[in-house]
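The opening position of the sequence shown corresponds to residue 35 in our numbering, with each subsequent residue numbered one higher. Beta carbons are placed, not taken as given, at the ideal position from N, Cα and C, and that holds for glycine. Remarks on the structure that follows.
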Amino acid sequence: MFDCAFKAQNGTRTISHMGHIKMMGAVQPFISGAISKTVNLPETATVEDVMDAYIEAWKYGTKAIAIYRDGSKKSSRSPRTRTRRTARRPRTSWSGSSR
């Protein structure tokens with residue numbers, strides 16, 4: 035199996051956010067562009083934890099870093115009530131220049 039950033043429901047192995055940053059820093063010298071990788075922080079992460087992640091990424095020489103803090107974004111939208119459409123607008127064809 036493999037380790038993940040977040041602890042699986044029945045799992046015990048995880049990689050810390052600093053582990054991800056160190057891996058990115060180890061690979062970055064061999065890549066001309068930036069690595070596209072989101073570093074996941076736990077819901078308990080503080081502002082200082084986020085700041086430390088950015089600073090450490092800079093120290094390790096990564097060109098870019100994206101940080102996601104668990105629970106910082108609602109994953110499901112509230113259901114909207116749909117209203118029934120009674121009349122539809124007729125489709126019109128585009129009347130641009132002829133070919």
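In the structure shown, Ile49 adopts coil according to DSSP, grouped into three states. Pairing Tyr102 with Thr72 gives a Cβ-Cβ distance under 7 Å.
The beta carbons of Met57 and Thr96 sit no closer together than 7 Å. Just so you know, the alpha carbons of Gly105 and Ser66 end up roughly 33 Å apart.
Trp92 and Ala98 have their C-alpha atoms some 8 Å from each other.
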